[in-house]
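Structure, as C-alpha cells:
Residue numbers (this note's numbering): 2 to 418.
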C-alpha cells in the first residue's frame, strides 16, 4: 500500500511541476485551451494506470506531452472528420507517436509556449477577474475549487466562469503567442497588472479571515520570475518582481502570534527575509540601469526605502514622498496622492499630511477603507480623538478582510467613546 502511495505522490508531483508547460505547448499547437487541458488530464489518468505497473518512463514529462498530443489529435478526428478539422491536424505537423518514443524537451520552445499562454490568459479582451482566474488555473495549476475559495466564490460559479473565458479565447481566435515588438510594451502592462493583482490578493486578502494567502503570493512571484527569465531586457518586469519580493519579505512579521495585524512600525524587522530583500535590491539596480522608468520600478524603489531601513525611524520619508511625486507624474491616481500625503505626514508632521490629503482631493476615495484609516491616524496624532474614532469606525465598516476590520475597531476603541 505504501509503495502505491509513493507512486501516486510521484505522479502528482510530476503533474504539479509539468502540467502547466504541457498545457502551454498543446494550447499553442491546437489553439484550444479546453482541448489542451482535457488531453493533459487524460494523459495523467493513463499514467496512473500504466506507470505503477510498467515503471516510470525515462522522460516522464515528454511521455505525458506526447500521450496528450496523441489524445488531442484522436479527439479532433472523432468529433469531426470534416475537411477543416483534418487540415487543422495536418498543420500541426505532428503525427501520433508511441509515448516511449517521446523526444527531448526543447527548453526554448517550452519558455515560448508558456509566455504565449501568459499573454493569452492576460489578453485585454477578457475581463480582469477572468484573466486572474484563468492565469491561476492554467499557469499556477490551482484547482477550480482553490481559486473559488480564494475569491469567496461558489465552486460552480467559478467553473462556469472558466468555461466561458476559455470558450471566448477559442471563439475570438486569441493567439497563444508573444506579441510583436511594437505591441509588446502595451501588452506587458496587461500581464503585469494581472500578476500584481494576484499578488495583492494574496498579500492582503480582500475578504475572509486570513490576512495573507501565501499560495497566491508565491504563484505571482513564480510567474514574474518566468517573465523576467524569458524577457531579460524589460525593466518593468524586474521592477514588478523586486516590488513583490520586497513586500513578501515581511510576510512572517505582519501578524502577531494571535493573528492580530501589525503595522509597519510594530513589525520585528529581524524576521524580515533578508535573502528576498537582497534579491530585490539587485533586480531594482538592473532595472534602473536600463534608464526606462516605469510605475513598478518606482513602487519598488519606495518599497526598497522601507526594506533597507534598519529601524522605523531610519526610513527616508522625504525620499518616499518624492518618489510618490514622480509616480503621480506618470501614473496619477487618488491612491498615489493618498500615499504621498501619508509620506508627507511622516516627514513633516500630521498637519502637513492632512493638508496634502485635502489639497489632493482624495475625498473621492470615500469608499476606500485605507483612506479613512490614514485620515484617522493623522487626526489621532493631532488630538482630534472624536473625529479620528469616527474615521476608524468608517474604515472598519468598509474593510472586507476580517483581520483588518478587527485591527481598525481596536484602534477606534483605543480612543474611547
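All C-beta atoms in this analysis are idealised placements derived from N, C-alpha and C, irrespective of residue type, glycine included.
Every value quoted in this text rests on a predicted model; they were computed, and no experiment measured them.
Where does residue i land, buried or exposed, given buried means 16+ other C-beta within 10 angstroms?
{"i": "residue 359", "result": "exposed"}
{"i": "residue 405", "result": "buried"}
{"i": "residue 55", "result": "exposed"}
{"i": "residue 374", "result": "buried"}
{"i": "residue 107", "result": "Residue placement at residue 107 is poorly supported in this model, since its pLDDT is 49, which falls under 50; the coordinates are not used for a value here."}
{"i": "residue 265", "result": "exposed"}
{"i": "residue 250", "result": "buried"}
{"i": "residue 346", "result": "buried"}
{"i": "residue 316", "result": "buried"}
{"i": "residue 334", "result": "exposed"}
{"i": "residue 61", "result": "buried"}
{"i": "residue 277", "result": "buried"}
{"i": "residue 46", "result": "exposed"}
{"i": "residue 132", "result": "buried"}
{"i": "residue 336", "result": "exposed"}
{"i": "residue 288", "result": "buried"}
Can you check DSSP and say which residues form a bridge with residue i?
{"i": "residue 256", "result": "262"}
Could you pull the start and end residues of the alpha helix (DSSP H) that residue i belongs to?
{"i": "residue 130", "result": "129-139"}
{"i": "residue 236", "result": "236-249"}
{"i": "residue 345", "result": "335-349"}
{"i": "residue 370", "result": "370-382"}
{"i": "residue 53", "result": "34-55"}
{"i": "residue 215", "result": "215-231"}
{"i": "residue 161", "result": "156-173"}
{"i": "residue 183", "result": "182-204"}
{"i": "residue 273", "result": "Note, residue 273: premise wrong, no alpha helix (DSSP H); not H, not E."}
{"i": "residue 296", "result": "296-308"}
{"i": "residue 322", "result": "318-331"}
Suppose contacts are defined by Cβ-Cβ distances below 9 Å. Is residue i in contact with residue j by that definition?
{"i": "residue 188", "j": "residue 247", "result": "no"}
{"i": "residue 409", "j": "residue 397", "result": "yes"}
{"i": "residue 255", "j": "residue 242", "result": "no"}
{"i": "residue 306", "j": "residue 327", "result": "no"}
{"i": "residue 1", "j": "residue 162", "result": "In the structure as shown, the chain starts at 2 and stops at 418, and residue 1 therefore has no counterpart that could be examined."}
{"i": "residue 297", "j": "residue 240", "result": "yes"}
{"i": "residue 137", "j": "residue 199", "result": "yes"}
{"i": "residue 125", "j": "residue 191", "result": "yes"}
{"i": "residue 331", "j": "residue 295", "result": "yes"}
{"i": "residue 284", "j": "residue 301", "result": "yes"}
{"i": "residue 117", "j": "residue 76", "result": "no"}
{"i": "residue 419", "j": "residue 221", "result": "Outside the shown range of the chain, which is 2 to 418, sits residue 419, and nothing can be said about it."}
{"i": "residue 361", "j": "residue 322", "result": "no"}
{"i": "residue 376", "j": "residue 417", "result": "no"}
{"i": "residue 223", "j": "residue 281", "result": "no"}
{"i": "residue 122", "j": "residue 135", "result": "yes"}
{"i": "residue 403", "j": "residue 261", "result": "no"}
Would you say the beta carbon of residue i comes nearer than 8 Å to a heavy atom of the ligand ATP?
{"i": "residue 297", "result": "Of ligands this structure carries none, so the ligand ATP is not represented either."}
At least one CB of chain B closer than 9 Å to the CB of residue i: is that the case?
{"i": "residue 271", "result": "Among the chains of the structure shown, chain B does not appear; only one protein chain is present."}
- Message: Would you call the segment 264-283 in contact with the segment 311-320, where contact means no fewer than 3 C-beta pairs closer than 8 Å?
- Response: In this structure the segment 264-283 lies against the segment 311-320, because at least three pairs of beta carbons, one per stretch, are closer than 8 Å.
- Using 8 Å as the threshold, is the segment 40-59 in touch with the segment 165-185, meaning 3 or more CB pairs across them? Output reads no: the segment 165-185 does not touch the segment 40-59.
- Message: For the structure I just gave you, are there three or more beta carbon pairs, one from the segment 368-385 and one from the segment 346-353, closer than 8 Å?
- Response: By the Cβ rule, the segment 368-385 counts as touching the segment 346-353, because three or more pairs are nearer than 8 Å.
- Query: Counting Cβ pairs, one atom from each stretch, are 3 or more of them under 8 Å apart for the segment 62-69 and the segment 20-36?
  - Reply: Yes: the two stretches touch, three or more of their Cβ pairs being nearer than 8 Å.
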